[in-house]
Amino acid sequence: DQQVKQNSPSLSVQEGRISILNCDYTNSMFDYFLWYKKYPAEGPTFLISISSIKDKNEDGRFTVFLNKSAKHLSLHIVPSQPGDSAVYFCAARPINTDKLIFGTGTRLQVFP
Amino acid sequence: NAGVTQTPKFQVLKTGQSMTLQCAQDMNHNSMYWYRQDPGMGLRLIYYSASEGTTDKGEVPNGYNVSRLNKREFSLRLESAAPSQTSVYFCASSGTANTEAFFGQGTRLTVV
Numbered sequence: 001d002q003q004v005k006q007n008s009p010s011l012s013v014q015e016g017r018i019s020i021l022n023c024d025y026t027n028s029m030f031d032y033f034l035w036y037k038k039y040p041a042e043g044p045t046f047l048i049s050i051s052s053i054k055d056k057n058e059d060g061r062f063t064v065f066l067n068k069s070a071k072h073l074s075l076h077i078v079p080s081q082p083g084d085s086a087v088y089f090c091a092a093r094p095i096n097t098d099k100l101i102f103g104t105g106t107r108l109q110v111f112p
Numbered sequence: 113n114a115g116v117t118q119t120p121k122f123q124v125l126k127t128g129q130s131m132t133l134q135c136a137q138d139m140n141h142n143s144m145y146w147y148r149q150d151p152g153m154g155l156r157l158i159y160y161s162a163s164e165g166t167t168d169k170g171e172v173p174n175g176y177n178v179s180r181l182n183k184r185e186f187s188l189r190l191e192s193a194a195p196s197q198t199s200v201y202f203c204a205s206s207g208t209a210n211t212e213a214f215f216g217q218g219t220r221l222t223v224v
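Just so you know, the protein sequences line up as chains A and B, in that order.
According to the working numbering, the residues represented by the first sequence are 1 to 112, in order.
According to the working numbering, the residues represented by the second sequence are 113 to 224, in order.
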């Protein structure tokens, strides 16, 4: 049973526009959420995170939004650049554990 | 500036053979993880270790064993490899609670 879901396997966006990647979770006991980016043949790299006590966190072009009532997380990239083309994973940490549960990933393609 | 180092990078095994994947981190992190990545399945947690001397099962532990040899090293062992274990394996580590995990470059394992 997938506790962290990314229902869109792929997304294509034009350079300069906004990319919105979505993530849903089923477990209300998650208290920390993260987004990772992965290029082919490399390990995932951390992008941005948010604690469950917040609803927004911003870092440059990247903003993560958390809607706890809807159990929904989103990553906004503005403006999108070709170098952002990668697979994006959301992840969640259950409260009082060291586990990190990942979603299935969304492949983002940013075209010129 | 090594971070998380995994060996080997590539491996081909015959069904029934055994092998150990090695992982070491130099960031003095308490927690370490083993994930596998399969197409359409995202990153699935195999085992994790919250501290030296402790290990816990993740989402897909069957067919694997782990050892947290010391704070730096966390190994993953396949006692009798099966084709279903063909995957890309990632090791990761994280420090204090609610901090990001850092990943190694991955091991591509093929079981024939």
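In this text, a Cβ means the ideal position worked out from N, Cα and C, and glycines have one as well.
*Which partner residues does Lys37 (chain A) have in the DSSP bridge list?*
As a working mapping, residue 37 (chain A) is identified with position 37 in the first sequence. DSSP, once it has assigned bridges, lists A:Thr45, A:Tyr88 as partnering Lys37 (chain A).
*Roughly how many angstroms lie between the CA atoms of Ser80 (chain A) and Thr63 (chain A), to the nearest whole one?*
By one-based count along the first sequence, residue 80 (chain A) stands at place 80. By one-based count along the first sequence, residue 63 (chain A) stands at place 63. If you take the alpha carbons of Ser80 (chain A) and Thr63 (chain A), they lie about 12 Å apart.
*From the DSSP output, in three-state form, read off Gly154 (chain B) for me.*
Your numbering for residue 154 (chain B) matches position 42 in the second sequence. The answer is strand: DSSP assigns Gly154 (chain B) an E or B state.
_Where Gln197 (chain B) falls: helix, strand or coil (DSSP)_ = In the second sequence, the residue the question calls residue 197 (chain B) occupies position 85. Helix, per DSSP.
*asked:* Closest to Ile48 (chain A) by C-alpha separation, out of A:Pro40, A:Glu42, A:Arg61, would be which residue?
replied: One-based indexing of the first sequence puts residue 48 (chain A) at position 48. Nearest of A:Pro40, A:Glu42, A:Arg61 to Ile48 (chain A), Cα basis: A:Arg61.
*Own chain residues within Cβ distance below 8 Å of Tyr160 (chain B), not counting five before or after*: For the purposes of this step, residue 160 (chain B) is taken as residue 48 along the second sequence, with counting starting at 1. Hits under 8 Å: Ser143, Met144, Tyr145, Trp146, Thr167, Asp168, Gly170.
*Using a Cβ-Cβ distance under 8 Å, would Ser85 (chain A) count as near chain B?*
Locating residue 85 (chain A) in the first sequence gives position 85, counting from the first residue. No, Ser85 (chain A) lies away from the interface with chain B (no Cβ there is under 8 Å from its Cβ).
*asked:* Taking CB distances under 8 Å as the criterion, tell me whether Asn240 (chain B) reaches chain A.
replied: Outside the modelled stretch of chain B, which goes from 113 to 224, sits residue 240 (chain B), for which no answer is possible.
*Using a Cβ cut-off of 8 Å, pull out every chain B residue sitting near Tyr88 (chain A), in sequence order please.*
As a working mapping, residue 88 (chain A) is identified with position 88 in the first sequence. Correct list: empty, because the minimum Cβ distance to chain B is about 11 Å.
_Burial state of Val4 (chain A), where buried means 16 or more other Cβ atoms lie within 10 Å_ = The sequence position of residue 4 (chain A) within the first sequence is 4, counting from 1. By the 10 Å Cβ count, Val4 (chain A) comes out buried.
_Are the CB atoms of Ala213 (chain B) and Gln129 (chain B) within a distance shorter than 8 Å?_
Here residue 129 (chain B) is taken as the residue at index 17 of the second sequence, counted from 1. Here residue 213 (chain B) is taken as the residue at index 101 of the second sequence, counted from 1. In this structure, Ala213 (chain B) does not lie closer than 8 Å to Gln129 (chain B) by Cβ.
*Name the DSSP bridge partner or partners of Ser51 (chain A)?*
Counting from one through the first sequence, the residue named residue 51 (chain A) turns up at place 51. Answer is A:Tyr32, bridged to Ser51 (chain A).
_I'd like to know if Phe122 (chain B) contacts chain A, where contact means its C-beta is closer than 8 Å to some C-beta of that chain._
Numbered from 1 along the second sequence, position 10 holds the residue referred to as residue 122 (chain B). It does not; no Cβ of chain A falls within 8 Å.
*Tell me the DSSP bridge mates of Arg220 (chain B)?*
On the second sequence, position 108 is the one that residue 220 (chain B) refers to. In DSSP, Arg220 (chain B) forms a bridge with B:Phe122, B:Val200.
*Got a sec: which bits of the region 49-79 of chain A sit with their beta carbon under 9 Å from any beta carbon on chain B, in order along the chain?*
Ser49, Ser51
*asked:* Between A:Leu108, A:Ile77, A:Ser28, which has its C-alpha nearest Ser85 (chain A)'s C-alpha?
replied: Walking along the first sequence from the start, residue 85 (chain A) turns up at place 85. Among A:Leu108, A:Ile77, A:Ser28, the Cα nearest to that of Ser85 (chain A) is on A:Leu108.
*Taking 8 Å as the CB-CB limit, is Gly165 (chain B) close to chain A?*
As a working mapping, residue 165 (chain B) is identified with position 53 in the second sequence. For Gly165 (chain B), the answer is no, since every Cβ of chain A falls outside 8 Å of its Cβ.
*Cβ contact (3+ pairs, closer than 8 Å) linking the region 173-180 of chain B and the region 189-209 of chain B*: yes
_Interface flag, Met139 (chain B) vs chain A, CB-CB below 8 Å_ = Along the second sequence, one-based indexing puts residue 139 (chain B) at 27. Chain A, which has no Cβ nearer than 8 Å to the Cβ of Met139 (chain B), makes this no.
*If the cut is a Cβ gap below 8 Å, which residues of chain B does Phe46 (chain A) touch?*
The count along the first sequence starts at 1 and reaches residue 46 (chain A) at position 46. The answer, in chain order, is Glu212, Ala213, Phe214.
*Give the straight-line distance between the Cα atoms of Ala114 (chain B) and Lys183 (chain B), rounded to the nearest whole angstrom.*
Here residue 114 (chain B) corresponds to residue number 2 of the second sequence, with the count starting at 1. Here residue 183 (chain B) corresponds to residue number 71 of the second sequence, with the count starting at 1. Their backbone Cα atoms lie some 16 Å apart in a straight line.
*Return the residue from the list A:Val78, A:Glu58, A:Pro44, A:Thr26 that minimises the CA-CA distance to Ile20 (chain A).*
Locating residue 20 (chain A) in the first sequence gives position 20, counting from the first residue. That would be A:Val78, whose Cα lies nearest to the Cα of Ile20 (chain A).
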